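Visitor:
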Amino acid sequence: KYEPSTTSLTNSNFPIHFGGSEIVIAGFCGTEAPPLPVVHGVGTQGSISLEPTVTSSVSNTERLWAYLSIKQLLEKEGASDGVYGANLKQQALDLALKYNFVTPVSSLVVVKPNGTEEVGANEGDRIDIDKLEPTTLPPPRTTPFCFIPTVPTDELDTILGSLPWLGILLEDNQFVVTPKGNFKLGLNETISGMTPCPKTPLGQEGYCALLHECPHAHSALETSLNFFDHFCILKNEFAGVCCPLS
1386 KYEPSTTSLT NSNFPIHFGG SEIVIAGFCG TEAPPLPVVH GVGTQGSISL EPTVTSSVSN
1446 TERLWAYLSI KQLLEKEGAS DGVYGANLKQ QALDLALKYN FVTPVSSLVV VKPNGTEEVG
1506 ANEGDRIDID KLEPTTLPPP RTTPFCFIPT VPTDELDTIL GSLPWLGILL EDNQFVVTPK
1566 GNFKLGLNET ISGMTPCPKT PLGQEGYCAL LHECPHAHSA LETSLNFFDH FCILKNEFAG
1626 VCCPLS
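Once you know that position 80 of the sequence shown is 1465 in this note's numbering, the rest is easy, because the numbers rise by one and skip nothing.
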């Protein structure tokens, strides 16, 4: 059963449906948001109506953002330990499960060949597969090295304390990964002038500012999605947020 605005349908009449087979119908639902579909049929016990589960697709841009975020989280987790490393691993796992990525901390769903039981996968280290062969890893790198941060640690810790989700988006502690590209965090920068923007996280007009220059808006930026909703670009190279005037 389809709405009048539905056009260009493929075959929608299937007199017989065998158990385990699949029916696929495609068409154009118009420019308006389509209503929830209903499938009507006749079974052995009379007429039946089914309401399929509707899922929305994720854009390629969003999946690219998730992929890069997972990759960078795992790189940071490999160089971290303790609670901070565990938090990075959990953040990577949550993203991998949400966007269906196979990573070192997640895995595929495996079906046993001689049964119908599914071995579900949540965290990779919880899966029990019979006769799993050990994997030999290369020896750890012994070459001494030192890391000199380009951003003062105390300033970075301060903004990460206010915006914990920002750690997922950071690359080399300098760049913010967004759906519109990578932009400098600019903790060492001070940008003069006020570029107006239409809507701040507090629902009013404001100006585009660096994240560390707008601390009074941090409480409203609870997630990265809130940040993306009010994201702006400064001088074509810095990540900013629409900041309230007062």
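Ideal Cβ placement from N, Cα and C applies to all residues, glycine included.
Since the model is a prediction, treat every value here as computed from it, not as a measurement.
1) Smallest Cα separation from V1424: which of T1446, N1398, V1443 and R1448?
2) Using beta-carbon positions only, say whether P1629 and T1585 come within less than 8 Å of one another.
3) Near I1410, which residues of its chain fall below 8 Å by C-beta distance, leaving aside the five closest residues on each side in sequence?
4) Here's the rule I'm using: 16 or more other beta-carbon atoms within 10 Å means buried, otherwise exposed. How should I1433 be labelled?
5) Going by C-alpha distance, which of E1447, C1593 and N1472 is nearest F1486?
6) For F1568 and E1407, I'd like the C-alpha separation in whole angstroms.
7) Whose C-alpha, out of S1492, F1560, I1553 and Y1452, is nearest the C-alpha of E1462?
8) Among residues of its own chain, excluding the 5 on either side of F1613, which ones have a beta-carbon nearer than 7 Å to its beta-carbon?
9) With distance defined between alpha-carbon atoms, name the residue in G1591, D1479 and G1428 nearest to P1400.
10) As an exercise, report each continuous beta strand (DSSP E) stretch of at least 3 residues that is fully enclosed by the segment 1545-1597, in chain order.
11) Alpha carbon to alpha carbon, how far is C1627 from D1542? Give it in angstroms, no decimals.
12) Is it buried or exposed for S1604, if we count other Cβ within 10 angstroms and need 16 for buried?
13) Measuring straight from C-alpha to C-alpha, what distance separates A1471 and S1454?
14) Counting along the chain, where does the alpha helix (DSSP H) carrying S1609 start and finish?
15) Is A1594 buried or exposed, if buried means 16 or more other CB atoms sit within 10 Å of its CB?
16) Can you look up L1449 in the DSSP assignment and give me helix, strand or coil?
17) Quick one: measure Cβ to Cβ for L1482 and L1458, integer angstroms, because I've assumed they're closer than 8 Å.
18) Mind checking which residues open and close the alpha helix (DSSP H) that includes L1480?
19) Within 10 angstroms of the Cβ of C1617, are there 16 or more other Cβ atoms? Answer buried if so, exposed if not.
20) Going by C-alpha distance, which of S1465, D1539, V1443 and L1421 is nearest P1677?
21) On the DSSP letters alone, give me the boundaries of the beta strand (DSSP E) that C1627 sits inside.
Guide: Taking the geometry as given:
1) Your numbering for residue 1424 matches position 39 in the sequence shown. If we check each option's Cα against that of V1424, N1398 comes out closest.
2) Working through the sequence shown from its first residue, we reach residue 1629 at position 244. Working through the sequence shown from its first residue, we reach residue 1585 at position 200. Contact: yes.
3) The residue you call residue 1410 lines up with position 25 of the sequence shown. These residues qualify, in order along the chain: L1394, T1395, N1396 and S1397.
4) As a working mapping, residue 1433 is identified with position 48 in the sequence shown. Label assigned to I1433: exposed.
5) Taking the sequence shown and counting its residues from 1, the one referred to as residue 1486 is at position 101. For the residues E1447, C1593 and N1472, the minimum Cα distance to F1486 belongs to E1447.
6) For this step, residue 1568 is matched to residue 183 along the sequence shown. For this step, residue 1407 is matched to residue 22 along the sequence shown. In this structure, the straight-line span from the alpha carbon of F1568 to that of E1407 is close to 46 Å.
7) Position 77 of the sequence shown holds residue 1462. Looking at the Cα atoms, I1553 is the closest of the given residues.
8) Locating residue 1613 in the sequence shown gives position 228, where the first residue counts as 1. Correct list, in chain order: T1563 and P1564.
9) Locating residue 1400 in the sequence shown gives position 15, counting from the first residue. It is G1428 whose Cα lies nearest to the Cα of P1400.
10) 1560-1563, 1566-1569, 1580-1582 and 1591-1595
11) Here residue 1542 refers to the residue found at position 157 when the sequence shown is read from its first residue. Here residue 1627 refers to the residue found at position 242 when the sequence shown is read from its first residue. In a straight line, the C-alpha of D1542 is about 22 Å away from that of C1627.
12) Stepping through the sequence shown from its first residue, residue 1604 is reached at position 219. With fewer than 16 other Cβ atoms within 10 Å, it is exposed.
13) In the sequence shown, counting from the first residue as 1, residue 1471 sits at position 86. In the sequence shown, counting from the first residue as 1, residue 1454 sits at position 69. Near 16 Å, if we compare the C-alpha coordinates of S1454 and A1471.
14) Position 224 of the sequence shown holds residue 1609. Residues S1609 to D1614.
15) Along the sequence shown, read from residue 1 onward, the residue named residue 1594 stands at position 209. Classified as buried, A1594 has 16 or more neighbouring CB atoms from the shown chains inside 10 Å of its CB.
16) Here residue 1449 corresponds to residue number 64 of the sequence shown, with the count starting at 1. It is helical.
17) For the purposes of this step, residue 1482 is taken as the residue at position 97 of the sequence shown. For the purposes of this step, residue 1458 is taken as the residue at position 73 of the sequence shown. About 13 Å separates the two Cβ atoms, so there is no contact after all.
18) By 1-based counting over the sequence shown, the position of residue 1480 is 95. G1467 to Y1484 is the span of the alpha helix (DSSP H), which, as asked, contains L1480.
19) Translated into the one-based positions of the sequence shown, residue 1617 becomes position 232. Buried is the call here.
20) Any property of residue 1677 remains undetermined from this structure, which presents the chain solely from 1386 to 1631.
21) As a position in the sequence shown, residue 1627 is number 242, starting the count at 1. From DSSP, the beta strand (DSSP E) with C1627 extends over F1623 to P1629.
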